[in-house]
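What follows is a single structure, written as structure tokens, with notes after it.
Residue numbers (my numbering), protein chains in the order written: chain A, 53 to 263; chain B, 4 to 225.
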């Protein structure tokens, strides 16, 4: 599976955010998207999901399911955690796992992987920001999708949880998935590539960079 | 559980829990209808004559009450983004959300209507006709309201805009709903004539509502 973009351009609110962005990520590869605030990191991820219209260029997925869009084969972890405060931790995760038609309805295992298994019956309203983020990450584990699009995945996570997320991402890459992550901090992926979004143009650092 | 059943169960759960809109609709309905005899005085003949119209108006306002958060809540917490990456068509998801909303706010109104109708001197025959017209007509109110809720999704004060947008569109439903309820009691038109038009309005809104609302949501996501 290979996700490639050539000459992508983004226009939001009548302003050109970026243009001429090209990248190519294959199964087992991670790519960190970097750039100053407002460079279009989130917009690029939302464009890949299909939530922002592609103003120019081309986005293609080889080796995926031709019946489905890229967004339908991807997990999007945005700034918001998509949790309902009145539902419990388990109910929130069971809902997304059923909505995305997960093969298994078991939520205990993904919750244990992010260290929330003890809180399964607690309403999500009582979770801290970091716990909410971990519950969102559990969604990526409960439903198998090959492409992960992560927007600032490590924000609000403590050092232990960041390390755990690193392990989860490495396991996903090892099982043939691919990851695009917009971040300012260290991702913890060895040999991840970097895409630098700056000055609304491309300054693409090809090759192996320690991300 | 299938994706659509999951949406239905989740929305109904949220509606009946703390902060949900299910009970608010019935309470609002009760308060509005209670105010009418207090304002008009104890003229039983007058109350009986205008009873179905008052109950229909109150049901219309009550069913719009909780509608403004229907998509806005999912938009604000990012759920709508994820729903759009699901494999279920957005039109069907929107329709299922409408059904969940009707089951938690419309259906309780219909169950409460004959009892609240006692305030307005409604006899058994009028109450039965009223329940039947509300049962057929309130889904139309919800599904027309879906369009307004989808258009107002990104607005802070969406509730007011929703009422302004949706109330004019519900006029035909109101006219034929009240006409059918009145016809059953007083005539001279047979009950079937306005009731059939009401059924047609509901069927049309069940089809048009989800498509229009889904189109509005897609536009808003840009």
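Heads up, the beta-carbon is just placed ideally off N, CA and C, and yes, glycines get one too. Bear in mind that the values here come from a model prediction, so they are computed numbers and not experimental data.
Close-in-space but distant-in-sequence residues of the same chain around residue i (CB under 8 Å, 5 per side omitted)
{"i": "residue 194/B", "result": "132, 183, 186, 187"}
{"i": "residue 85/B", "result": "none"}
{"i": "residue 206/B", "result": "none"}
{"i": "residue 253/A", "result": "In this prediction, residue 253/A scores a pLDDT of 47, lower than 50, which makes its location untrustworthy; the coordinate-derived value is nonetheless stated afterwards. Excluding residues within five positions, the ones whose Cβ falls inside 8 Å are 70, 71, 72."}
{"i": "residue 101/A", "result": "122, 123, 126, 128, 201"}
Neighbourhood of residue i by C-beta, 6 Å cutoff - its chain only, sequence neighbours within 5 removed
{"i": "residue 140/B", "result": "176, 180, 201"}
{"i": "residue 189/A", "result": "166"}
{"i": "residue 175/A", "result": "140"}
{"i": "residue 35/B", "result": "61"}
{"i": "residue 153/B", "result": "74, 216, 219, 220"}
{"i": "residue 267/A", "result": "The requested residue 267/A is not part of the displayed model; chain A covers only 53 to 263."}
{"i": "residue 192/B", "result": "186"}
{"i": "residue 133/A", "result": "184, 188"}
Residue i, DSSP secondary structure in three states
{"i": "residue 55/B", "result": "helix"}
{"i": "residue 249/A", "result": "strand"}
{"i": "residue 189/A", "result": "helix"}
{"i": "residue 175/A", "result": "strand"}
{"i": "residue 126/A", "result": "strand"}
{"i": "residue 109/A", "result": "strand"}
{"i": "residue 63/A", "result": "strand"}
{"i": "residue 222/B", "result": "helix"}
{"i": "residue 90/A", "result": "coil"}
{"i": "residue 132/A", "result": "coil"}
{"i": "residue 136/B", "result": "helix"}
{"i": "residue 241/A", "result": "coil"}
{"i": "residue 89/B", "result": "coil"}
{"i": "residue 208/B", "result": "helix"}
{"i": "residue 176/B", "result": "helix"}
{"i": "residue 46/B", "result": "coil"}
{"i": "residue 185/B", "result": "helix"}
{"i": "residue 168/A", "result": "coil"}
{"i": "residue 61/B", "result": "helix"}
{"i": "residue 154/A", "result": "coil"}
{"i": "residue 82/B", "result": "helix"}
{"i": "residue 67/B", "result": "helix"}
{"i": "residue 155/B", "result": "coil"}
Residue i: contacting residues in chain A (beta-carbon distance under 8 Å)
{"i": "residue 225/B", "result": "104, 105"}
{"i": "residue 81/B", "result": "130, 131, 132, 133, 134"}
{"i": "residue 17/B", "result": "136, 138, 139"}
{"i": "residue 160/B", "result": "In chain order: nothing, as chain A lies at least about 21 Å away."}
Those residues which DSSP pairs with residue i across a bridge
{"i": "residue 84/A", "result": "233/A, 246/A"}
{"i": "residue 202/B", "result": "In the DSSP output, where bridge partners are listed per residue, residue 202/B has none listed."}
{"i": "residue 114/A", "result": "54/A"}
{"i": "residue 200/A", "result": "127/A, 231/A"}
Cβ shell of residue i (< 7 Å), same chain only, five flanking positions each side left out
{"i": "residue 161/B", "result": "71, 75, 155"}
{"i": "residue 109/A", "result": "57, 58, 59, 60, 61"}
{"i": "residue 166/B", "result": "67"}
{"i": "residue 106/A", "result": "60, 99"}
{"i": "residue 95/A", "result": "62, 64, 69, 104"}
{"i": "residue 112/A", "result": "56"}
Residue i: contacting residues in chain A (beta-carbon distance under 7 Å)
{"i": "residue 21/B", "result": "138"}
{"i": "residue 9/B", "result": "147, 150, 151"}
{"i": "residue 52/B", "result": "Those do not exist, as residue 52/B stays about 43 Å from chain A at its closest Cβ, beyond 7 Å."}
{"i": "residue 72/B", "result": "Residues of chain A passing the Cβ test: none, with the nearest at roughly 12 Å."}
Beta-carbon neighbours of residue i, restricted to chain B and to distances below 9 Å
{"i": "residue 126/A", "result": "88"}
{"i": "residue 225/A", "result": "Under the 9 Å cutoff, chain B gives no residues; its nearest Cβ is about 21 Å from residue 225/A."}
Alpha helix (DSSP H) segment containing residue i, residue limits
{"i": "residue 150/A", "result": "141-151"}
{"i": "residue 161/B", "result": "161-172"}
{"i": "residue 98/A", "result": "93-101"}
{"i": "residue 67/A", "result": "No alpha helix (DSSP H) holds residue 67/A; the beta strand (DSSP E) holding it covers 67-78."}
{"i": "residue 211/A", "result": "211-226"}
{"i": "residue 40/B", "result": "25-43"}
{"i": "residue 13/B", "result": "6-19"}
{"i": "residue 79/B", "result": "72-79"}
{"i": "residue 1/B", "result": "Nothing in the structure corresponds to residue 1/B, since chain B is present only between 4 and 225."}
{"i": "residue 94/B", "result": "93-104"}
{"i": "residue 161/A", "result": "160-165"}
{"i": "residue 120/A", "result": "Looking at the DSSP string, residue 120/A is not in any alpha helix (DSSP H), and its letter there is neither H nor E."}
Interface residues of chain B facing residue i [CB-CB closer than 7 Å]
{"i": "residue 70/A", "result": "Neighbours of residue 70/A on chain B: none; closest Cβ ~17 Å, over 7 Å."}
Chain-ordered neighbours of residue i on chain B, where CB pairs are closer than 8 Å
{"i": "residue 264/A", "result": "Lying outside 53 to 263, the shown extent of chain A, residue 264/A is not represented and no answer is given."}
{"i": "residue 120/A", "result": "90"}
Listed by chain order, chain A residues near residue i by CB distance under 9 Å
{"i": "residue 6/B", "result": "150, 151, 152, 153"}
{"i": "residue 84/B", "result": "98, 101, 103, 128, 130, 132, 134"}
Residue i: CB within 7 Å of a non-hydrogen atom of the ligand GTP
{"i": "residue 54/A", "result": "This structure lacks the ligand GTP; in fact it carries no ligand of any kind."}
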